[in-house]
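Enquirer: Okay, handing you the structure first.
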Amino acid sequence: GTNVGIVQLEANVNWGVTRVPVFQEDSLYGECPAQYVLGTRPVDMYAYNLGLAFRYGRVGAFYASSVTLGYPAELAYLRAQQALGSLFTVPFMSVFVPLTGSFQTQVGSSAYAQDFVAGVIVDLEVGDLRAGYTQSRGWYFSGQDRYVGAFGTIVLRDGLSLVGQARGGLERTPLPEPVEKVVGRPSVFGRSLPLTEPTDQADTPEEDEKQLSLLTGHIAEEGLFRVLDVRFAYAIAPVAQINDVSISLHDGEWYVAGDGGLPGSSTHWYGEAGIVNAPPQYYYGLPGATLVQARAVVQSTFGEKNGTASATLMFNDPEQVALYPFARNNLAIRLQVGSGL
Numbered sequence: 317g318t319n320v321g322i323v324q325l326e327a328n329v330n331w332g333v334t335r336v337p338v339f340q341e342d343s344l345y346g347e348c349p350a351q352y353v354l355g356t357r358p359v360d361m362y363a364y365n366l367g368l369a370f371r372y373g374r375v376g377a378f379y380a381s382s383v384t385l386g387y388p389a390e391l392a393y394l395r396a397q398q399a400l401g402s403l404f405t406v407p408f409m410s411v412f413v414p415l416t417g418s419f420q421t422q423v424g425s426s427a428y429a430q431d432f433v434a435g436v437i438v439d440l441e442v443g444d445l446r447a448g449y450t451q452s453r454g455w456y457f458s459g460q461d462r463y464v465g466a467f468g469t470i471v472l473r474d475g476l477s478l479v480g481q482a483r484g485g486l487e488r489t490p491l492p493e494p495v496e497k498v499v500g501r502p503s504v505f506g507r508s509l510p511l512t513e514p515t516d517q518a519d520t521p522e523e524d525e526k527q528l529s530l531l532t533g534h535i536a537e538e539g540l541f542r543v544l545d546v547r548f549a550y551a552i553a554p555v556a557q558i559n560d561v562s563i564s565l566h567d568g569e570w571y572v573a574g575d576g577g578l579p580g581s582s583t584h585w586y587g588e589a590g591i592v593n594a595p596p597q598y599y600y601g602l603p604g605a606t607l608v609q610a611r612a613v614v615q616s617t618f619g620e621k622n623g624t625a626s627a628t629l630m631f632n633d634p635e636q637v638a639l640y641p642f643a644r645n646n647l648a649i650r651l652q653v654g655s656g657l
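Counting with this note's numbering, you get residues 317 to 657 for the letters of the sequence shown.
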C-alpha cells in the first residue's frame, strides 16, 4: 500500500477578544491615582495546534493537540511581547498534551486550556472515514468522498447525546473542465456551532448547561475565472439573518497549489472582503452587530515533500466572531507550516 505521513503546526494570535475589569493595585508604575485603580484591559488569546497523520495502505492514524491561553495585557509593548514569546514556548507545550492531560484553569482574568484528539483513518476507495476521541470526553467523526466533494463532520459530547458542533454538505464539487474554468467549483453545506449560555455556577456539569446553536447555511462559488470567489451564508438560528457575505480575489494557481498540484516552489496570494453579522447574545449584554470583515493570505509551497508555509491576517473573521461573543473589531494573525514525512 501507499505510506503517507504529514505534520502541521499552526499558531493563532487574536488581539482584543474581549475586555475585562481589573483592579490595578499592583500597577507597573507603583501607586495608581484613585481614578485609575479600577479600569478595563483588553484580553488577547493565543491558540496553538499540532497535527500528525500517517497512512499505511488503506488504514492510518491521526493526532491533533491544542493549547489555548488568554492574558489581559496592560500596555501595547507588553501585548506584543506576549505574542512573540508565546510563539517560541507554547508550541512545545502542545507536544506534551497527552502526558499532562486535558484541563482548563483560570487565575484572575488569565486562562489556560489544553486538549487533544486521536483516532483512526480508513480509506474506502471512494472516500475517507475518520473516528477519534478527545481527552475532554468527546467523540469525533468525519467522512469525505473523492468524487463529488460530499463531506460530514460531527463532534459529540456527554455520552454521544450532546452535539458539540457539526458540518456537512458538498464542498468544491468538481465540474466538467470547460465549465470549471469559467464558474469554478460550487459548495453547499450547513453548520451547527454551539452558543452556550452562562450559568450561575462555574462548575455546572456540561449536561446542565443551557445550549443554543448557531445554525447557518452556506453557498460558495470558488475559482470563478480562476481568480474570484463568492461566498454567502445565512443564519437560521438563533436569529434568522444574513450571516456573512464576501468576495475574494486570488492568483490563478491558488487552488491548484493548495491541492498539491504544482511541483517545485511557488508563492501565492489571496485577499477577501465582506461583511459579517454577529448574532445577538443578550445574556452577555450583546446586541447583534454588522461588521466589516477582511482577510489577506500569503502562502508558499516548497520541497519534494509538498511543504507549505502561510501567513494570514484577519479582521472580524466570521469564524472568530461566531466563536467569541465579544470579539468585535478583532484582529488576528495565523501562521501555518506543514510538510510530508
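No residue lacks a Cβ here, since even glycine has one placed at the ideal position from N, Cα and C.
Please read these numbers as outputs of a predicted model, since none were measured by experiment.
Compare the C-alpha of MET630 against each of ALA643, PHE370, VAL543 and name the closest.
Expert: Among ALA643, PHE370, VAL543, the Cα nearest to that of MET630 belongs to ALA643.
Enquirer: For TYR364, which three-state DSSP category applies?
Expert: DSSP places TYR364 in strand when its eight states are reduced to three.
Enquirer: With distances taken between CB atoms, is the gap from GLN652 to ALA627 smaller than 9 Å?
Expert: In this structure, ALA627 lies closer than 9 Å to GLN652 by Cβ.
Enquirer: Mind listing, in chain order, the continuous alpha helix (DSSP H) runs of no fewer than 4 residues lying wholly within the segment 581-656?
Expert: Listed in chain order, the complete alpha helix (DSSP H) runs (minimum 4 residues) inside the segment 581-656 are 634-639.
Enquirer: In the DSSP assignment, find the unbroken alpha helix (DSSP H) run with ALA389 in it and report its ends.
Expert: Where ALA389 is concerned, there is no enclosing alpha helix (DSSP H), given that its DSSP letter is neither H nor E.
Enquirer: Between which two residues does the alpha helix (DSSP H) harbouring GLY574 extend?
Expert: Looking at the DSSP string, the run of the alpha helix (DSSP H) that includes GLY574 is 570-574.
Enquirer: From ARG650 to ASP633, what does the alpha carbon distance come to, in whole angstroms?
Expert: One C-alpha to the other measures close to 12 Å.
Enquirer: Quick one: residues in its chain with C-beta nearer than 6 Å to the C-beta of PHE457, no 5 flanking neighbours on either side, listed in chain order?
Expert: Here the set comprises ALA447, ILE470.
Enquirer: When you compare each of LEU400, GLY332, LEU325, ARG395 to TYR364 by their alpha carbons, which one comes out closest?
Expert: Answer by Cα proximity: LEU325.
Enquirer: Taking the alpha carbon of ARG507 as the point to measure from, which residue in GLY465, ARG488, ILE535, THR489 has its own alpha carbon closest?
Expert: Among GLY465, ARG488, ILE535, THR489, the Cα nearest to that of ARG507 is on ILE535.
Enquirer: Let me check understanding here. Comparing Cα to Cα, which of VAL442, ALA427, GLY454 lies closest to GLY435?
Expert: Here the closest residue by C-alpha is GLY454.
Enquirer: Kindly indicate the opening and closing residues of the beta strand (DSSP E) around VAL436.
Expert: Element bounds for VAL436: 426-439.
Enquirer: Am I right that PHE467 and GLY480 are in contact with their C-beta atoms under 8 Å? What's the rounded C-beta distance?
Expert: Wrong, their Cβ atoms sit about 17 Å apart, outside the cutoff.
Enquirer: Give the straight-line distance between the Cα atoms of ALA551 and LEU530, rounded to the nearest whole angstrom.
Expert: Looking at the two C-alpha atoms, the distance is approximately 7 Å.
Enquirer: Whole angstroms is fine: what's the gap from ALA573's alpha carbon to ALA377's?
Expert: Between ALA573 and ALA377, the C-alpha separation is close to 25 Å.
Enquirer: What does the Cβ neighbour count give for ILE563, buried or exposed, with the cut at 16 atoms within 10 Å?
Expert: Classification for ILE563: exposed.
Enquirer: Can you tell me whether GLY317 is buried or exposed, with buried defined as 16 or more other CB within 10 angstroms of its CB?
Expert: Here the model assigns GLY317 a pLDDT of 46, short of 50, so the residue's position is not dependable, and the following value carries that caveat. Exposed, since its Cβ has fewer than 16 Cβ neighbours within 10 Å.
Enquirer: So, ARG473 versus ARG488, is the Cβ gap smaller than 9 Å?
Expert: In this structure, ARG488 does not lie closer than 9 Å to ARG473 by Cβ.
Enquirer: Would a C-beta distance cut-off of 9 Å place GLY654 and ILE437 closer than the cut-off?
Expert: It is not a contact, given that the beta carbons lie outside the stated cut-off.
Enquirer: Could you say which of PHE548, ALA612, GLU620 lies nearest to TYR586 if we only look at CA atoms?
Expert: Ranking PHE548, ALA612, GLU620 by Cα distance to TYR586 puts ALA612 first.
Enquirer: State the start and end residues of the unbroken alpha helix (DSSP H) segment that holds VAL495.
Expert: It spans 493-499 - the alpha helix (DSSP H) in which VAL495 sits, taken as one unbroken run.
Enquirer: Less than 7 Å between C-beta atoms, sequence neighbours within five positions excluded: which residues of the same chain meet that for LEU578?
Expert: Correct list, in chain order: GLU569, VAL572, THR617.
Enquirer: When DSSP builds the beta bridges, which residues end up paired with PHE370?
Expert: In the DSSP output, where bridge partners are listed per residue, PHE370 has GLY321, ALA377.
Enquirer: Just tell me which of GLY386, VAL375, ALA380, PRO603 has its CA closest to the CA of THR334.
Expert: Of the candidates GLY386, VAL375, ALA380, PRO603, the one whose C-alpha sits nearest the C-alpha of THR334 is GLY386.
Enquirer: Considering just the uninterrupted stretch of the beta strand (DSSP E) at PHE541, what are its terminal residues?
Expert: Note, PHE541: premise wrong, no beta strand (DSSP E); not H, not E.
Enquirer: Under the DSSP definition of a beta bridge, which residues are partnered with LEU400?
Expert: Paired residue(s): none; LEU400 is not in a bridge.
Enquirer: If you draw a straight line from the C-alpha of PRO494 to the C-alpha of LEU511, how long is it?
Expert: About 43 Å.
Enquirer: By DSSP, does VAL471 sit in helix, in strand, or in coil?
Expert: Strand, per DSSP.
Enquirer: Is ARG374 closer than 9 Å to LEU440 when the C-beta atoms are compared?
Expert: Contact: yes.
Enquirer: Run through the DSSP bridge pairs and tell me what ASP461 is partnered with.
Expert: For ASP461, which the question treats as bridged, DSSP gives the partners GLY443.
Enquirer: By Cβ distance below 6 Å, which residues in the same chain neighbour ALA482 in space, the five residues on each side in sequence not counted?
Expert: Around ALA482: ILE470, SER508.
Enquirer: May I have the straight-line CA-CA distance separating VAL499 from SER452, to the nearest angstrom?
Expert: Their backbone Cα atoms lie some 42 Å apart in a straight line.
Enquirer: Assuming ASP567 is part of the beta strand (DSSP E), what are its boundary residues?
Expert: Run containing ASP567: none; DSSP gives neither H nor E here.
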